[in-house]
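Take a look at the structure set out below.
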Amino acid sequence: MSKDRRASGSRAVLAYSALALAAFAVAGCSVGPKYARPSAPAPAAYKEPGDEWKQAAPSDAIAKGKWWEVYGDTQLNTLEEQVTAANFTLKAAQERFEQARAAVRGARSPLYPTVSAGVIVSGGSPSVDRPSAPSSIRLTSSDLQIPFDVAYEPDVWGRVRRFVEASRAEAQASAADLANAGLSLHAELALDYFDLRGLDAQKKLLDSTVANYQEALRLTQSRYNGGLASGVDVAQAQTQLETTRAQSIDTGVRRAADEHAIAVLTGQAASDFKIDPLPLSTPPPPVPAGLPSQLLERRPDIAASERLVAAANAQIGVARAAYFPTFLFTGAAGFDSGRITNLLQGQAGFWSLAGAAAQTIFDGGARRAATESARAGYNQSVDSYRQTVLTAFQEVEDNLAALRILEEEASTQQGAVAAAEHSLSLSESRYRGGVANYLEVITAQSAALSDERTALEILIRRMQASVLLIKALGGGWDASQLPTL
120 MSKDRRASGS RAVLAYSALA LAAFAVAGCS VGPKYARPSA PAPAAYKEPG DEWKQAAPSD
180 AIAKGKWWEV YGDTQLNTLE EQVTAANFTL KAAQERFEQA RAAVRGARSP LYPTVSAGVI
240 VSGGSPSVDR PSAPSSIRLT SSDLQIPFDV AYEPDVWGRV RRFVEASRAE AQASAADLAN
300 AGLSLHAELA LDYFDLRGLD AQKKLLDSTV ANYQEALRLT QSRYNGGLAS GVDVAQAQTQ
360 LETTRAQSID TGVRRAADEH AIAVLTGQAA SDFKIDPLPL STPPPPVPAG LPSQLLERRP
420 DIAASERLVA AANAQIGVAR AAYFPTFLFT GAAGFDSGRI TNLLQGQAGF WSLAGAAAQT
480 IFDGGARRAA TESARAGYNQ SVDSYRQTVL TAFQEVEDNL AALRILEEEA STQQGAVAAA
540 EHSLSLSESR YRGGVANYLE VITAQSAALS DERTALEILI RRMQASVLLI KALGGGWDAS
600 QLPTL
């Protein structure tokens, strides 16, 4: 190769290098608005009173994320761990997050050059009848190439970086969705579990009542045989007994549904799953509500909504970058020879460099429409975020109110139970003494059983409101758990 040719090649390399450096010099700028977390309505304090029980709560387990441990129920703890390990809905949410994470890596790929390599082998022999070829000479040629091609489009205006930013925010939203799915599934299991245990308590109450009614029926029959009671009294006692026995059997319908639901939540077939009866007896533990401002960081659904706002903001930058020119650098190098023995020698090498810039002059308003669409998408995501925040505060207030009111109702209901039991005791004594008829006993029995069942229903509702409050508060999750990607 001559000195002039080498000098010309060197000047070309320098020129392309200078152009590339110029592109990199402006590559630090990114068009589009800088992201700032949108404001959201957050009260200074919760409306519901009760700071005493909020402050006294055993919150260590909640802070660790295994919030169900605050109930001190080993059976519940085991079932909740099975949800984490085997629930298929949760596994599907995990795979969606893995997809979103892979999308981030894919979004980053245009930041780097694309390099390709190959091998090209060709050969042939032209026709000797063509006008330019000697009639007596048949030429045969072969060619072997090993090319390396490089293409690179510098991210001068930040379009790719904005796209990466959007993909990263969407992946973080997917991670928050995963956390929210886990929180919802764990809460759903706890709700079903406490309902099941409440039904076990009702079943125990009804079975105990059936035993008492059987004894009352024997007493009435004995009195009837002695001429002290009528056949009507016996029929009423029999009716009361069978009605209560039917109610006891009926609890099995709801319990079976709860048991089957728990089986599915723990990734097991309903046919192979069984939970032994364990009556509910203890009230819910106190739950620390914290400050309302903390809710914005503790709810995974709020975090997911906020991350989608960030993604929508980045998409505005992607749309804005279309207004600016694009730059493309390509290069090729390799070896080209007709004989394989000479392929890797210096004189067989070749290279080329090229640079191009392009600017859209007219597109019929496509870029403007894309930008307006991106801005509308951002505004929509902001509205959705604020609505999510409002709903979150509503859920917290709903369950704080439910716990307070149900606690008061439980206290009052216990008074009603005590009064009903006393009334039943008096009625039974009056009946044995022949002062009252059996209808008075039946009425007192019905009132006592109804009040006791109501007390158990209130206990179930208190336990479930406690679970829903923990869920509304985020279940110990925090936005710091979002992956950085």
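Under our numbering, the first residue of the sequence shown is numbered 120, with each subsequent residue one higher. Idealized CB from N, CA, C, for every residue including glycine.
If you ignore the 5 residues before and after A300, its C-beta comes within less than 8 Å of the C-beta of T208, L209 and A212, all in its own chain and listed in chain order. The Cβ neighbour count for N461, taken over all protein chains shown within 10 Å, is under 16; the residue is labelled exposed. Here DSSP, grouped into helix, strand and coil, assigns D262 to strand. Residues of the same chain with a CB within less than 8 Å of the CB of D274, apart from the 5 flanking positions on each side, are A146, P229, L230 and R280 in chain order. Secondary-structure assignment with DSSP links S456 through a beta bridge to L263.
The shortest CA-to-CA distance from G237 to any of S327, S542 and G453 is the one to G453. The beta carbon of Q355 sits closer than 6 Å to the beta carbons of Y557 and I561 from its chain, once the five residues preceding and following it are set aside; these are given in chain order. Taking one beta carbon from each stretch, the stretch 421–436 and the stretch 149–159 have 3 or more pairs nearer than 8 Å; the two touch. 8 Å or more divides the Cβ of L509 from the Cβ of I577.
Within its own chain, the residues whose Cβ lies closer than 7 Å to the Cβ of A489, once the five positions on either side in sequence are excluded, are A438 and A441, listed in chain order. Distances from the alpha-carbon of H379 to those of R581, E307, S585 and P398 put E307 closest.
Annotation for V351: the continuous alpha helix (DSSP H) segment containing it runs G350 to L384. Within its own chain, the residues whose Cβ lies closer than 6 Å to the Cβ of A563, once the five positions on either side in sequence are excluded, are S542, L543 and S546, listed in chain order.
Around the C-beta of W187, 16 or more other C-beta atoms lie within 10 Å, and the residue is accordingly described as buried. DSSP places L415 in no beta strand (DSSP E) but in the uninterrupted alpha helix (DSSP H) bounded by L414 to R417.
DSSP, read as helix, strand or coil, puts A473 in strand. Of the other Cβ atoms in all chains shown, fewer than 16 fall within 10 Å of the Cβ of F392; this residue is therefore exposed. Annotated as distal: V586 and F216, with beta-carbon spacing of 8 Å or more. By the Cβ criterion, the stretch 184–199 is not in contact with the stretch 261–277, since fewer than three pairs of Cβ atoms, one from each stretch, lie closer than 8 Å. Taking A222 as the centre and dropping the five residues before and after it, the same chain places the C-beta of S286 and A290 closer than 7 Å to its C-beta, in chain order.
In terms of Cα proximity to A382, the closest of Q583, P602 and L195 is L195.
The stretch 509–522 and the stretch 409–418 touch, with three or more beta-carbon pairs separated by less than 8 Å. In the same chain as S500, and ignoring 5 residues on each side of it, the C-beta atoms closer than 6 Å to its own belong to L427, V428 and A431, in chain order. L336 is positioned such that its CB atom lies no closer than 8 Å to that of Q321.
A straight-line Cα-Cα distance of about 17 Å links S149 and R486. Beta-carbon to beta-carbon, A574 and Q532 are separated by about 5 Å, close enough to satisfy the 8 Å threshold.
Inter-residue distance for I480 and S293 is about 38 Å (C-alpha atoms, whole angstroms). In the structure shown, F446 falls within a strand segment according to DSSP collapsed to helix, strand and coil.
Nearest to T370 by C-alpha distance, out of A164, A163 and R572, is R572.
Annotated three-state conformation of Y271 is strand, per DSSP. Judged by beta-carbon spacing, V406 lies within the 8 Å limit of L588, meaning their Cβ atoms are closer than that value. DSSP places S565 in the uninterrupted alpha helix (DSSP H) bounded by Y557 to A591.
From the listed residues A376, L315 and Y343, the smallest Cα separation to S390 is found for A376. In this structure G534 is exposed. Its beta-carbon is surrounded by fewer than 16 other beta-carbon atoms within 10 angstroms.
DSSP places V202 in the uninterrupted alpha helix (DSSP H) bounded by T193 to A205.
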